[in-house]
Ligand SMILES: *Cc1c(COP(=O)(O)O)cnc(C)c1O
C-alpha cells in the first residue's frame with residue numbers, strides 16, 4: 001500500500017491547491033479544443049500505469065477544466081461548491097466501499113442517523129425508517145410518487161404492484177406550473193401519464209394557486225377520474241418561490257390526497273429565520289424530496305426522500321417476503337426494501353462529515369447568509385435602471401433581465417436569451433437563464449455558496465449589464 005499512501009498524499013495536495021486556487025481563476029472557460037480532444041480520444045490503455053502517474057494526469061488534464069461550481073461567483077443552475085469535509089467523507093467511503101443496501105455495518109447505521117438529521121434540519125417528522133438517501137431529488141421523487149401510487153391503489157382495493165395500472169381507474173395528480181421536470185418524468189415513468197399530471201396555474205410570483213387546485217380536483221372527480229396526488233414546491237428552481245404549503249396541505253387533507261413537496265433546492269431555506277414563515281405546512285406532507293448535494297454542499301451525488309409513513313414506503317418497494325426479512329435494525333429491514341437501488345453507495349459518510357463540520361448553527365448561518373445575499377442582489381438589480389427584477393426574492397434565487405428603457409421588447413428577449421452564455425464566456429462570473437411564465441427570458445442567479453460576498457454580487461451585476469449592452473449593440477439595438 002506504499003504506492004497508495006504516497007500517491008494519496010500527492011492527490012490530497014493537488015486537491016487542496018485546486019480548492020484553494022478556485023477563486024483566483026476564471027469561473028469557467030470553454031475548453032481548449034486540444035484539451036477536449038485529448039480527453040475524448042483517450043485510447044484504452046493496454047498496460048496499466050502507476051498511481052503517481054494517474055494523479056499527475058488528473059492534475060494536468062482534468063482539474064484545470066472545472067464546471068465552475070466551487071467558485072464564489074458561480075450562480076448557475078443549482079450546483080454547489082463541495083464542502084471540504086464532504087470531500088474527505090467521500091474519499092473514506094470509497095475506501096470502505098460497502099453496499100449500503102442493508103446489514104450490520106457502520107454505513108447502514110450512519111445512514112439512519114443522517115436521514116434523521118436531515119429531517120431535523122428541515123423540520124419534518126421522522127419516525128424510524130421513514131426515509132433514505134438517493135442519487136438526487138429526481139430519484140427521491142420517483143420513490144415518493146411510487147409510494148403515493150401504491151397507497152392510492154390500495155384504497156381502491158388494488159395491489160398495483162401485482163395488477164399494474166390497467167386494474168385501476170385513471171389516477172390524476174396535480175403540480176404547480178413552476179414544478180421541476182423531474183415530477184413529470186416520475187409520472188411518465190410510473191405509468192401515470194404526464195397528461196394526467198395536471199398543471200395548476202401559478203400566481204405571478206410563481207406560487208401554485210390553491211383555489212384553482214380545488215376547482216381542478218372537483219372537475220376531475222365529476223368526470224369520473226381519481227385524484228390522488230398534489231406536488232407542491234418548497235423553492236422553485238426558476239425563482240425560489242415557496243408555495244403556500246399550509247393551504248395546499250388543507251386541500252390535500254380535505255380531499256384525502258397524497259401531498260408531496262419538492263424541497264430539492266429550497267427545503268433547507270427553512271433554517272433562515274427570515275424565510276422560515278414561508279415554510280409553514282412543510283411538516284404536513286406525506287413525502288418530501290431534498291437534495292443535500294445542493295444547499296448543504298455535500299459532494300454529488302446525494303438526494304434524500306422523507307416520508308410520513310415508513311411502512312407504506314416499505315410496502316411499495318419491498319420484495320423480501322416477510323418471513324425472510326432481516327429484522328436486525330430495530331425491525332426496519334434493509335434500505336433496498338424502501339426504494340429502487342439494490343447495491344447502494346455509502347453516501348451517508350459525506351453527509352455526516354458535511355453536517356458535523358458545520359453543526360446545525362453553522363448550516364443555519366450559511367443558509368441565512370445566502371438568502372441575505374440574494375435579497376441584497378435583488379436590491380442591487382432594483383437600483384440599476386437598465387435591469388428589472390422579475391420576481392420577489394423569497395429564498396436565494398434572483399430572476400431578472402436586462403431591459404434598458406426604449407429597447408424594443410422583441411429585441412430584449414433575444415438579448416436576454418443570449419446573455420447567460422455571453423456572461424459565462426467572459427469568465428468573471430457564471431449565471432444561467434430560464435424562461436418565466438408568460439415566455440419572459442430571464443437571467444437567474446442561484447446563491448447556495450456561503451463564500452459569496454457583496455463584491456461578488458457587484459461583479460455579477462456589472463457583468464450582466466456590460467454583456468447586455470454589447471449584445472444589444474451587436475443585435476442592432
Ligand atoms: C435539482 C432539482 C430537482 C432535481 O434533483 P436532482 O438532484 O437533479 O435529481 C428537482 N426539483 C428541484 C426544485 C430542483 O432544484
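Numbering (the numbering used here), first residue to last: 1 to 477.
Even for Gly, the Cβ is constructed at its ideal location relative to N, Cα and C.
Is it the case that the Cβ atoms of residue i and residue j are separated by a distance below 8 angstroms?
i	j	result
residue 452	residue 76	no
residue 234	residue 248	no
residue 92	residue 297	no
residue 364	residue 396	no
residue 121	residue 71	no
residue 126	residue 112	no
residue 402	residue 464	yes
residue 331	residue 314	no
residue 100	residue 345	yes
residue 535	residue 411	Given that the chain is displayed from residue 1 to residue 477, the structure contains no residue 535 and the question cannot be resolved.
residue 416	residue 80	no
residue 379	residue 461	no
residue 355	residue 139	no
residue 237	residue 394	no
residue 187	residue 194	yes
residue 65	residue 35	yes
residue 263	residue 289	yes
residue 317	residue 295	no
residue 342	residue 28	no
residue 39	residue 57	no
With a threshold of 8 angstroms on Cβ separation, who are the neighbours of residue i within its own chain once the five nearest residues in sequence on each side are excluded?
i	result
residue 312	147, 150, 151
residue 216	174, 198, 200
residue 50	3, 7
Compute the Euclidean distance between the alpha carbons of residue i and residue j, then round it to the nearest angstrom.
i	j	result
residue 161	residue 322	16 angstroms
residue 338	residue 308	13 angstroms
residue 336	residue 192	23 angstroms
residue 467	residue 426	8 angstroms
residue 254	residue 225	17 angstroms
residue 137	residue 440	27 angstroms
residue 389	residue 353	37 angstroms
residue 143	residue 130	12 angstroms
residue 381	residue 446	14 angstroms
residue 69	residue 9	25 angstroms
residue 246	residue 278	9 angstroms
residue 52	residue 59	11 angstroms
residue 368	residue 25	27 angstroms
residue 319	residue 325	10 angstroms
residue 133	residue 78	19 angstroms
residue 398	residue 206	13 angstroms
residue 405	residue 366	37 angstroms
residue 211	residue 261	18 angstroms
residue 156	residue 218	19 angstroms
residue 18	residue 63	7 angstroms
residue 163	residue 105	36 angstroms
residue 33	residue 128	52 angstroms
In chain order, what residues of the same chain lie with their CB nearer than 7 angstroms to the CB of residue i, ignoring the 5 residues before and after it?
i	result
residue 420	431, 432, 433, 443
residue 189	142
residue 270	122, 123, 276, 279, 282
residue 55	7, 10, 11, 14
Have a look at the DSSP bridge pairing and note the partners of residue i.
i	result
residue 303	134
residue 270	DSSP output for residue 270 lists no bridge partner at all.
residue 402	387
residue 176	200
residue 441	435
residue 258	229
residue 446	397
residue 71	69
residue 108	Bridge partners of residue 108: none, in fact.
residue 290	263, 304
residue 430	74
residue 242	234
residue 208	202
residue 40	None, per the DSSP bridge assignment.
residue 171	226
Am I right that residue i and residue j are in contact with their C-beta atoms under 8 angstroms? What's the rounded C-beta distance?
i	j	result
residue 437	residue 202	6 angstroms
residue 286	residue 259	5 angstroms
residue 428	residue 73	7 angstroms
residue 213	residue 251	6 angstroms
residue 350	residue 89	3 angstroms
residue 240	residue 266	6 angstroms
residue 470	residue 407	With 8 angstroms as the limit, residue 470 and residue 407 do not qualify as a contact, their Cβ atoms being about 13 angstroms apart.
residue 486	residue 457	Outside the displayed range of the chain (1 to 477) lies residue 486, so it cannot be described from this structure.
residue 42	residue 145	The pair is not a contact, with the Cβ atoms about 39 angstroms apart (cut-off 8 angstroms).
Below 6 angstroms CB to CB, which residues in the same chain sit around residue i once its five sequence neighbours on both sides are set aside?
i	result
residue 172	196, 220, 225, 227
residue 85	353, 354, 357
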